[in-house]
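Accompanying notes for the structure given below.
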Amino acid sequence: MAKGFASYLAMKTGPEAGDASAAAQALIDADLREIGVAARKLANHAFVLGGGLGFGTSFLKWLAFVAAVYLLILDRTNWKTNMMTALLVPYVFFTLPHVLFSLIRGEVGKWIAIIAVILRLFFPRHFPDWLELPGAIILLTVVAPSIFADTFRGDLVGIFICLAIGCYLLSEHIKASGGFRNAFRKGNGVSNSIGILLLFIYPVWALVLKFL
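Counting in the working numbering, the sequence shown runs from 87 upward without gaps.
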(Lines of atoms letter the chains of each structure in order from A; the text may use other names.)
(Lines give C-alpha, C1' and ligand atoms only; values in the text may rest on other atoms or scores of the structure.)
Protein backbone atom coordinates (compact mmCIF):
# COMPACT_ATOMS: atom_id res chain seq x y z
CA MET A 87 0.00 0.00 0.00
CA ALA A 88 2.74 2.40 0.99
CA LYS A 89 4.65 1.44 -2.07
CA GLY A 90 1.71 2.19 -4.34
CA PHE A 91 1.09 5.53 -2.64
CA ALA A 92 4.77 6.48 -3.07
CA SER A 93 4.68 5.65 -6.75
CA TYR A 94 1.48 7.75 -7.10
CA LEU A 95 3.24 10.73 -5.52
CA ALA A 96 6.22 10.19 -7.80
CA MET A 97 3.92 10.39 -10.81
CA LYS A 98 2.42 13.65 -9.53
CA THR A 99 5.77 15.26 -8.77
CA GLY A 100 7.96 13.73 -11.39
CA PRO A 101 8.69 14.67 -15.01
CA GLU A 102 5.22 13.55 -16.06
CA ALA A 103 3.70 16.12 -13.71
CA GLY A 104 5.91 18.82 -15.20
CA ASP A 105 4.80 17.85 -18.69
CA ALA A 106 1.14 17.95 -17.65
CA SER A 107 1.61 21.37 -16.03
CA ALA A 108 3.33 22.72 -19.13
CA ALA A 109 0.55 21.35 -21.33
CA ALA A 110 -2.11 22.95 -19.12
CA GLN A 111 -0.25 26.28 -19.22
CA ALA A 112 0.00 26.02 -22.99
CA LEU A 113 -3.75 25.43 -23.22
CA ILE A 114 -4.41 28.46 -21.01
CA ASP A 115 -2.09 30.64 -23.14
CA ALA A 116 -3.83 29.46 -26.29
CA ASP A 117 -7.23 30.28 -24.80
CA LEU A 118 -6.04 33.76 -23.78
CA ARG A 119 -4.73 34.37 -27.30
CA GLU A 120 -8.07 33.32 -28.75
CA ILE A 121 -9.88 35.65 -26.36
CA GLY A 122 -7.58 38.51 -27.42
CA VAL A 123 -8.23 37.82 -31.10
CA ALA A 124 -11.99 37.67 -30.47
CA ALA A 125 -11.86 40.97 -28.54
CA ARG A 126 -9.98 42.67 -31.38
CA LYS A 127 -12.48 41.34 -33.93
CA LEU A 128 -15.37 42.56 -31.78
CA ALA A 129 -13.81 46.02 -31.49
CA ASN A 130 -13.20 46.20 -35.24
CA HIS A 131 -16.75 45.09 -36.04
CA ALA A 132 -18.20 47.59 -33.56
CA PHE A 133 -16.02 50.31 -35.08
CA VAL A 134 -17.25 49.49 -38.58
CA LEU A 135 -20.90 49.16 -37.55
CA GLY A 136 -20.69 52.40 -35.58
CA GLY A 137 -19.56 54.36 -38.58
CA GLY A 138 -15.80 54.15 -38.16
CA LEU A 139 -14.13 57.54 -38.13
CA GLY A 140 -17.47 59.28 -38.43
CA PHE A 141 -18.61 57.70 -35.17
CA GLY A 142 -15.39 58.86 -33.50
CA THR A 143 -15.88 62.40 -34.75
CA SER A 144 -19.47 62.51 -33.48
CA PHE A 145 -18.40 61.20 -30.08
CA LEU A 146 -15.57 63.73 -29.75
CA LYS A 147 -17.93 66.50 -30.83
CA TRP A 148 -20.32 65.51 -28.06
CA LEU A 149 -17.42 65.45 -25.60
CA ALA A 150 -16.25 68.92 -26.64
CA PHE A 151 -19.80 70.24 -26.37
CA VAL A 152 -20.17 68.82 -22.85
CA ALA A 153 -16.80 70.33 -21.86
CA ALA A 154 -17.90 73.76 -23.12
CA VAL A 155 -21.18 73.54 -21.20
CA TYR A 156 -19.25 72.44 -18.12
CA LEU A 157 -17.00 75.50 -18.38
CA LEU A 158 -20.04 77.74 -18.78
CA ILE A 159 -21.49 76.29 -15.59
CA LEU A 160 -18.21 76.88 -13.77
CA ASP A 161 -18.13 80.46 -15.02
CA ARG A 162 -21.62 81.08 -13.67
CA THR A 163 -20.80 79.51 -10.29
CA ASN A 164 -17.27 79.56 -8.86
CA TRP A 165 -14.89 80.23 -11.78
CA LYS A 166 -14.74 84.01 -11.67
CA THR A 167 -12.02 85.36 -13.96
CA ASN A 168 -11.54 88.21 -16.39
CA MET A 169 -11.40 85.87 -19.37
CA MET A 170 -13.84 86.23 -22.24
CA THR A 171 -15.81 83.12 -21.37
CA ALA A 172 -18.53 84.48 -23.66
CA LEU A 173 -16.39 82.94 -26.42
CA LEU A 174 -17.81 79.62 -25.27
CA VAL A 175 -21.11 80.70 -26.84
CA PRO A 176 -19.84 80.42 -30.46
CA TYR A 177 -17.89 77.31 -29.46
CA VAL A 178 -21.09 75.64 -28.28
CA PHE A 179 -22.81 76.81 -31.48
CA PHE A 180 -20.19 75.13 -33.68
CA THR A 181 -20.03 71.92 -31.63
CA LEU A 182 -23.73 71.59 -30.86
CA PRO A 183 -24.70 68.02 -31.83
CA HIS A 184 -26.96 67.77 -34.86
CA VAL A 185 -29.94 66.46 -32.87
CA LEU A 186 -29.89 69.36 -30.42
CA PHE A 187 -29.08 71.87 -33.15
CA SER A 188 -32.08 70.81 -35.23
CA LEU A 189 -34.33 70.96 -32.16
CA ILE A 190 -33.23 74.47 -31.17
CA ARG A 191 -33.21 75.65 -34.78
CA GLY A 192 -36.87 74.67 -35.11
CA GLU A 193 -40.05 75.83 -33.42
CA VAL A 194 -38.93 74.71 -29.96
CA GLY A 195 -35.93 77.01 -30.05
CA LYS A 196 -37.99 79.90 -31.39
CA TRP A 197 -40.45 79.63 -28.50
CA ILE A 198 -37.62 79.48 -25.97
CA ALA A 199 -35.95 82.48 -27.62
CA ILE A 200 -39.09 84.63 -27.62
CA ILE A 201 -39.78 83.81 -23.97
CA ALA A 202 -36.17 84.70 -23.06
CA VAL A 203 -36.42 88.02 -24.92
CA ILE A 204 -39.74 88.92 -23.24
CA LEU A 205 -38.37 88.11 -19.81
CA ARG A 206 -35.19 90.10 -20.46
CA LEU A 207 -37.02 93.16 -21.78
CA PHE A 208 -40.09 93.41 -19.58
CA PHE A 209 -39.23 91.37 -16.47
CA PRO A 210 -35.48 91.91 -15.98
CA ARG A 211 -35.72 91.17 -12.26
CA HIS A 212 -37.02 87.70 -13.05
CA PHE A 213 -34.26 87.02 -15.57
CA PRO A 214 -31.29 85.57 -13.64
CA ASP A 215 -27.76 86.40 -14.70
CA TRP A 216 -26.84 82.76 -15.20
CA LEU A 217 -29.36 82.52 -18.05
CA GLU A 218 -27.67 85.17 -20.18
CA LEU A 219 -25.13 82.94 -21.90
CA PRO A 220 -27.52 79.98 -22.43
CA GLY A 221 -30.05 82.46 -23.79
CA ALA A 222 -27.39 83.85 -26.12
CA ILE A 223 -26.64 80.34 -27.38
CA ILE A 224 -30.31 79.73 -28.18
CA LEU A 225 -30.70 83.13 -29.87
CA LEU A 226 -27.54 82.60 -31.91
CA THR A 227 -28.71 79.16 -33.01
CA VAL A 228 -32.17 80.42 -33.98
CA VAL A 229 -31.14 83.57 -35.90
CA ALA A 230 -27.83 82.39 -37.41
CA PRO A 231 -27.77 82.76 -41.22
CA SER A 232 -27.68 79.55 -43.21
CA ILE A 233 -24.05 80.12 -44.18
CA PHE A 234 -23.12 79.73 -40.51
CA ALA A 235 -25.70 77.09 -39.62
CA ASP A 236 -25.37 74.87 -42.69
CA THR A 237 -21.88 75.57 -44.05
CA PHE A 238 -19.42 76.87 -41.47
CA ARG A 239 -20.53 74.46 -38.72
CA GLY A 240 -19.17 71.44 -40.54
CA ASP A 241 -16.43 73.23 -42.46
CA LEU A 242 -12.83 74.24 -41.78
CA VAL A 243 -14.02 77.71 -40.76
CA GLY A 244 -15.94 76.37 -37.76
CA ILE A 245 -13.12 73.98 -36.85
CA PHE A 246 -10.51 76.77 -36.86
CA ILE A 247 -12.81 79.02 -34.82
CA CYS A 248 -13.19 76.29 -32.18
CA LEU A 249 -9.42 75.73 -32.15
CA ALA A 250 -8.73 79.47 -31.79
CA ILE A 251 -11.22 79.76 -28.91
CA GLY A 252 -9.60 76.82 -27.12
CA CYS A 253 -6.10 78.29 -27.56
CA TYR A 254 -7.19 81.67 -26.25
CA LEU A 255 -9.00 80.29 -23.19
CA LEU A 256 -6.07 78.01 -22.35
CA SER A 257 -3.51 80.81 -22.59
CA GLU A 258 -5.66 83.16 -20.50
CA HIS A 259 -6.31 80.48 -17.92
CA ILE A 260 -2.58 79.77 -17.58
CA LYS A 261 -1.86 83.50 -17.18
CA ALA A 262 -4.63 83.92 -14.59
CA SER A 263 -3.32 80.90 -12.66
CA GLY A 264 0.25 82.21 -12.60
CA GLY A 265 1.81 79.58 -14.83
CA PHE A 266 1.20 76.17 -16.32
CA ARG A 267 1.95 74.25 -13.13
CA ASN A 268 -0.34 76.39 -11.01
CA ALA A 269 -3.13 75.87 -13.54
CA PHE A 270 -3.19 72.23 -12.43
CA ARG A 271 -2.72 72.85 -8.72
CA LYS A 272 -4.56 75.93 -7.45
CA GLY A 273 -8.07 75.43 -6.18
CA ASN A 274 -10.29 74.35 -9.05
CA GLY A 275 -7.44 74.73 -11.52
CA VAL A 276 -7.34 71.03 -12.33
CA SER A 277 -10.99 70.75 -13.33
CA ASN A 278 -10.84 74.05 -15.25
CA SER A 279 -7.68 73.03 -17.09
CA ILE A 280 -9.06 69.61 -17.98
CA GLY A 281 -12.27 71.22 -19.25
CA ILE A 282 -10.30 73.63 -21.44
CA LEU A 283 -8.02 70.87 -22.75
CA LEU A 284 -11.10 68.87 -23.77
CA LEU A 285 -12.05 71.77 -26.04
CA PHE A 286 -9.14 70.80 -28.29
CA ILE A 287 -10.23 67.19 -28.84
CA TYR A 288 -12.85 67.78 -31.52
CA PRO A 289 -11.14 70.48 -33.65
CA VAL A 290 -7.77 68.69 -33.62
CA TRP A 291 -9.37 65.36 -34.59
CA ALA A 292 -11.48 67.05 -37.29
CA LEU A 293 -8.39 68.76 -38.74
CA VAL A 294 -6.50 65.46 -38.81
CA LEU A 295 -9.36 63.85 -40.75
CA LYS A 296 -9.60 66.82 -43.14
CA PHE A 297 -5.93 66.60 -44.10
CA LEU A 298 -5.56 62.81 -44.15
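All C-beta atoms in this analysis are idealised placements derived from N, C-alpha and C, irrespective of residue type, glycine included.
Subject >> Continuous alpha helix (DSSP H) stretch holding L256: start and end >> reply: Here residue 256 corresponds to residue number 170 of the sequence shown, with the count starting at 1. First-last of the alpha helix (DSSP H) with L256: 242-263.
**OP:** Tell me, please, whether the segment 211-228 touches the segment 185-195 by the rule of three or more beta-carbon pairs shorter than 8 Å.
**Re:** Yes, since at least three Cβ pairs between the segment 211-228 and the segment 185-195 fall closer than 8 Å, the two stretches touch.
Original post:
Just curious, the alpha helix (DSSP H) that I233 is in, first and last residue?
Top reply: Taking the sequence shown and counting its residues from 1, the one referred to as residue 233 is at position 147. That residue, I233, is in no alpha helix (DSSP H); it is neither H nor E in DSSP.
Subject >> Cβ neighbours of F151 in the same chain (closer than 7 Å, five flanking residues each side left out) >> reply: Counted from its first residue, the sequence shown places residue 151 at position 65. The residues are V178, T181, L182, P183.
Original post:
Per DSSP, what kind of secondary structure is G192 in: helix, strand or coil?
Top reply: The residue you call residue 192 lines up with position 106 of the sequence shown. Here G192 carries a coil assignment [DSSP, helix/strand/coil].
**OP:** Taking V290 as the reference, give the member of F208, I247, F213, V276 with the closest Cα.
**Re:** Within the sequence shown, the letter at position 204 stands for residue 290. Residue I247 holds the alpha-carbon nearest to the alpha-carbon of V290 among F208, I247, F213, V276.
Subject >> R271 (DSSP reduced to helix, strand or coil) >> reply: The residue labelled residue 271 in the question sits at position 185 within the sequence shown. R271: coil per DSSP, three-state reduction.
Subject >> L284 vs L149 beta-carbon contact at 8 Å >> reply: Indexing the sequence shown from 1 puts residue 284 at position 198. Indexing the sequence shown from 1 puts residue 149 at position 63. Yes.
Original post:
Quick one: Cα of I145 to Cα of A292, how far?
Top reply: Your numbering for residue 145 matches position 59 in the sequence shown. Your numbering for residue 292 matches position 206 in the sequence shown. Per the sequence shown, residue 145 should be read as Phe rather than Ile. Roughly 12 Å between the two C-alpha positions.
Original post:
Which one of L219, S263, I198 has the shortest CA to CA distance from Y156?
Top reply: For the purposes of this step, residue 156 is taken as the residue at position 70 of the sequence shown. For Y156, the nearest C-alpha among the options comes from L219.
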